[in-house]
Structures are given as C-alpha cells and as structure tokens.
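> One structure coming up, written as structure tokens, with questions to follow.
2 protein chains.
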Amino acid sequence: MTRGIRAEQRERTRQALVRESRRLFATLGYGAVGLSEIVRAAGVTKGALYHHFSSKAELFRAVLEQVQEEVAERIAETADAREDTWEQLISGCQAFLTVSTDPVIQRIMLVDGPAVLGWSEWRAMNETTSGRHLAQVLGDLIEEGTITAQPVEPLTHLLSGAMNEAALWLAASKDPADLDDTQNALVAMLRALRVT
Amino acid sequence: MTRGIRAEQRERTRQALVRESRRLFATLGYGAVGLSEIVRAAGVTKGALYHHFSSKAELFRAVLEQVQEEVAERIAETADAREDTWEQLISGCQAFLTVSTDPVIQRIMLVDGPAVLGWSEWRAMNETTSGRHLAQVLGDLIEEGTITAQPVEPLTHLLSGAMNEAALWLAASKDPADLDDTQNALVAMLRALRVT
DNA sequence: AAAGTTCACGTACCTTCAGTACGTGAAGGA
DNA sequence: TCCTTCACGTACTGAAGGTACGTGAACTTT
Chain A
0 MTRGIRAEQR
10 ERTRQALVRE
20 SRRLFATLGY
30 GAVGLSEIVR
40 AAGVTKGALY
50 HHFSSKAELF
60 RAVLEQVQEE
70 VAERIAETAD
80 AREDTWEQLI
90 SGCQAFLTVS
100 TDPVIQRIML
110 VDGPAVLGWS
120 EWRAMNETTS
130 GRHLAQVLGD
140 LIEEGTITAQ
150 PVEPLTHLLS
160 GAMNEAALWL
170 AASKDPADLD
180 DTQNALVAML
190 RALRVT
Chain B
0 MTRGIRAEQR
10 ERTRQALVRE
20 SRRLFATLGY
30 GAVGLSEIVR
40 AAGVTKGALY
50 HHFSSKAELF
60 RAVLEQVQEE
70 VAERIAETAD
80 AREDTWEQLI
90 SGCQAFLTVS
100 TDPVIQRIML
110 VDGPAVLGWS
120 EWRAMNETTS
130 GRHLAQVLGD
140 LIEEGTITAQ
150 PVEPLTHLLS
160 GAMNEAALWL
170 AASKDPADLD
180 DTQNALVAML
190 RALRVT
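In the order they appear, the protein sequences are chains A and B.
The numbers in numbering that gives the first Met the number 0 rise by one with no breaks, and the one at position 187 of the first sequence is 186.
The numbers in numbering that gives the first Met the number 0 rise by one with no breaks, and the one at position 77 of the second sequence is 76.
Shown next, in the form of structure tokens:
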C-alpha cells in the first residue's frame, strides 16, 4: 500500500519543524527564538507551523517529548545490560548523568521545560519516560528487600532532582574529575538506602 | 539629616514595582505577565519602570533576589538555633523543605528563575544566599570529621537539587504524610554521609 | 474520468508586548 | 533666583505570537 504522497509530505514538514526548532531552542533558549526564525530554518511558513501545532508552546512540547524519549532510551539501554537490579539502578543513574551533560538536552529538558509547560506538566511527561524507569527500579529493589521499605515517590523525586541539578552543574564545570566525584557521592547516598 | 523627599519617593515606587510584580509573577508566571499589568497594579507608568530597571528580566531579578534573601534568612534562623553542626544541617534542610512549599517561592525561585536568568546566573545568585549556608555547613562537617572527606561542591549540588525537586513535588501533593516521608528519606541519605 | 471534497499549506493581517525617545515639572544646589 | 538634576509621564516603534482566509494539489465519489 502507498502511504500517500500527501501524508508523506506532511510528515516531512512536521519533522523539519521539530528538528529546526529543537536546534534553535537548544542554542538560544525558548524565549529568544522567534517563530519566524523557525519557519525560515525549516523552509516553510507560519501557516504550516500553525497547521501542525496550535501554539509555540505545543511545538516546544513536541520537541521536549522527542528529547525525553531519547534520554529514556539511552538510559534503559545501559541499565538493561545489567542483570542485578541494584546494578541497574547504579548504572542507570550514571548513564543519566552522562547523557544529561549534553547542553542540548540541558536547556530543553531541564531549564526551559518546567518554565514553558509548567512544572506539573513537565513532571507528568517525565513520569512517562525516564522517571518511570527510576521509580520502577526503586520499587523492585524495595520489593526484593534490597533497600529499606518506604514510599517510592519521595525517594524518586529526591534522586531525580539531585541528578538533574548535578547534571546542570557538571555541564558547566571544567574539572573532569567533577563527574567522578559526583558519581561517587551519588552512589554513597544510594548505598544508604540499602538494608544493612 | 533628611533623606530627601525625592529619594524617599523613588524608593516607594521601586518597592511598589517589586511588590506587585512579585505577586503577579508568582500567580501567573513570568511569561504570562505583561509590563502594562505590572505598572497598572503599582500605580505608575512604564516610564517609571524603565527608570528603575533596564529590562523585564532585571525586574524579575530584583524580585528573585528578595525571595532568595527571605528564604535564606528563614533557614538560617532555624539552623542557627542549634548548637551541633550536624543538627544544623538536618534542621536547615527540613526548614528549606517547609519554606519552599510556598507556591509563591516555588514559581519564582525554582521554575522561572533558571529559565529567565539562565541557569548559571541563577546558580550564582543561589550561591550567595541559601546555597552558601548549605556549602558552609557541609564544609564544617567534613572539617570536624563528622562526614566522610570528599569534595564539597558535588555534594552541595546533589542535595540542593534533591530538595528543590522534592519541594516542588510536595507543594503539589495532597497527602500530608508526604512531607514526613520525604524528610525521612532525606535524613536517611544525609546519614549515609557520616563516617561510621 | 470528471466533478466534488479534503487538506496542507501560503498570504495578509491583527493584537499585544517589550522597549525607546522625548517632554515635564518638581526637588535640590549655587 | 537661576540653573541643574532627576523621577517620572506620554507617545511611539518594531517585532512577536496568533488568526482569517485564500489556493492548488491530492484524494474520493459517482
């Protein structure tokens, strides 16, 4: 079956819009990028943009969704290589710190994301991607008795926030030893959760 | 000595601008508040606003500064009541979680702050207020041998980020037990830093 | 295959917003 | 008393996000 020449073209323009706006949002920040700049880079007009997205914020939302999925995939890839649940947690956290050092991911996912979409919506999106993996692993570890029985949600937010902030700092830091130091401190804190 | 009727009036308008914009930024968010709305609420015109602040972002910066100082003061108040350095850390962290639950502080300090001023500048401001207290106490604890010797900065960012995110979650949560659960989990993680 | 319908845009326009240029009148100094 | 300074107010501008409507090619129907 042919996919239809029209549907094909539609998908191409949509992808061009997402791709170019992702690049511009990442380098200049959401607020500093105008729609005219985006459509010029994508080779279309504002009419096309508003045919695909109902607002600038929703275009950003589409970009953020793409970024989130990429991050989640790369983390899951690393974590799922391990058999032991505990080691999945450790390697997953380390993978997050490594991946999130990318300035592109930083600006879109960690800085502009909450401000543009509002924190609660940003949280909800996170929950469906990389946040779910963390909560899942933590829940497994509690169930198998590796870490102390306790509510999962507070723990998830504490760790997620710690890693977000650490990633932002690491990206701006110059000393390459900082990454090691941070990972060591993080692992020490994680170990605190284990039953003795 | 008279302070001068002109300097007095100047201060009054400036404070009115900061006060009203703080209220509006907190309720609607930085992006959704227009300057016209602010000057109308403050009872002045845009000419006055731009006489005091060179841009909308710098007005926000003044507001954020005020909020940061208030938060830092309230935390220092709680922490300094304790003699033991370790207990200063614990009570300070708990105070932060309590204070930062205020939605006004949330939106300005944690959500819009990094996006409007950029993360690095936001970090720098934090460092001069509440962030300094945390780094100070952690440094003291390392020096007195209470917690394991390690670089202070990674630790500071991990904890700071953990508390920021937890505060945002707590403000949105409905179960009052969440606060206790979070504080327990946080204290458990802090205890992990102690030398055995 | 011809006529009708849908749809993926392009064009032109509107509204609102941050920011600026300049005027003004009262406060302060000489 | 005259001159200067300064804390605003007024009027305007450019650009931004968003909208109304037109159009031609792709699909559907008969």
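In this text, a Cβ means the ideal position worked out from N, Cα and C, and glycines have one as well.
Computed from a prediction, not measured in an experiment: that's the story for all the values here.
1) Residues of chain A with a CB under 9 Å from the CB of residue 125 of chain B: which are they?
2) Report yes if the C-beta distance between residue 101 of chain A and residue 114 of chain B is below 8 Å; otherwise report no.
3) Counting only runs that start and end within the stretch 124 to 184 of chain A, where is the alpha helix (DSSP H) found for 4 or more residues in a row?
4) I'd like the list of long-range same chain contacts for residue 116 of chain B, defined as Cβ closer than 8 Å, with 5 residues on each side in sequence excluded.
5) Let me see if you follow: with CB-CB separation under 8 Å, is residue 3 of chain A close to chain B or not?
6) Please confirm if the stretch 131 to 144 of chain A is in contact with the stretch 126 to 136 of chain B, defined as three or more CB-CB distances below 8 Å between the two stretches.
7) What is the C-beta distance between residue 89 of chain B and residue 189 of chain B, in whole angstroms, given that I count them as a contact (C-beta under 8 Å)?
8) Go ahead and label residue 0 of chain A buried or exposed: buried means 16 or more other beta carbons lie within 10 angstroms of its beta carbon, across all protein chains shown.
9) Tell me the DSSP secondary structure of residue 81 of chain B in three-state form.
10) Please report how far the alpha carbon of residue 42 of chain B lies from the alpha carbon of residue 32 of chain B, in whole angstroms.
11) Starting from the beta carbon of residue 180 of chain A, find every residue of chain B whose beta carbon is closer than 9 Å, and list them in chain order.
12) Mapping DSSP to helix, strand and coil, what is residue 193 of chain B?
13) Quick check: residue 37 of chain B and residue 48 of chain B, are their CB atoms within less than 8 Å of each other?
14) Residue 165 of chain A and residue 138 of chain B - do their beta-carbons sit closer together than 8 Å?
15) If we ignore side chains and look at the alpha-carbon of each, how far apart do residue 13 of chain A and residue 20 of chain A end up?
16) Flag residue 85 of chain A as yes if its beta-carbon sits less than 8 Å from any beta-carbon of chain B, otherwise no.
17) When DSSP labels each residue in this structure, what does residue 0 of chain B get in the three-state scheme?
18) With respect to 7 Å, is the separation between the Cβ of residue 147 of chain B and the closest non-hydrogen atom of the ligand SAM below this value?
19) Should residue 3 of chain A go down as buried or exposed, given a rule of 16 or more other Cβ atoms within 10 Å for buried?
20) Applying a beta-carbon distance threshold of less than 9 Å, which residues of chain A neighbour residue 177 of chain B?
21) Give the interface partners of residue 136 of chain A over in chain B, defined as CB-CB distance under 9 Å, in chain order.
22) Identify every run of the alpha helix (DSSP H) within the stretch 32 to 116 of chain A, keeping only runs that are complete inside it and at least 4 residues long; order them along the chain.
23) Check whether the Cβ of residue 190 of chain A lies closer than 8 Å to any Cβ atom in chain B.
24) Go through its chain and collect everything with a Cβ distance to residue 96 of chain B's Cβ below 8 Å, but skip five positions before and after it.
In this structure, then:
1) Within chain A, not a single residue places a beta-carbon under 9 Å from that of residue 125 of chain B; the smallest gap is close to 10 Å.
2) no
3) 129 to 142, 151 to 171
4) 56, 59, 60, 63, 124
5) no
6) no
7) In this structure residue 89 of chain B touches residue 189 of chain B by the C-beta definition: roughly 7 Å separates them, less than 8 Å.
8) Low local confidence applies: a pLDDT of 45 at residue 0 of chain A is under 50, so the model's placement there is unreliable, and no value is given.
9) coil
10) Their Cα atoms are separated by approximately 16 Å.
11) 149, 150, 152, 153, 154
12) strand
13) Cβ atoms of residue 37 of chain B and residue 48 of chain B: closer than 8 Å.
14) In this structure, residue 165 of chain A does not lie closer than 8 Å to residue 138 of chain B by Cβ.
15) 11 Å
16) no
17) Residue confidence is low: residue 0 of chain B scores 48 on pLDDT, short of 50, so the model does not pin down where it sits. Its coordinate-derived value is still stated next. Three-state DSSP puts residue 0 of chain B in coil, outside helix and strand.
18) Among the ligands in the structure shown, none appear at all, so the ligand SAM cannot be discussed.
19) exposed
20) 150, 152, 153
21) Going along chain B, no residue has its Cβ under 9 Å from residue 136 of chain A, so there is no contact; the nearest lies around 16 Å.
22) Fully enclosed alpha helix (DSSP H) runs of 4 or longer: 34 to 41, 45 to 51, 55 to 78, 84 to 98, 112 to 116.
23) yes
24) 162, 165, 166, 169, 178, 181, 182, 185
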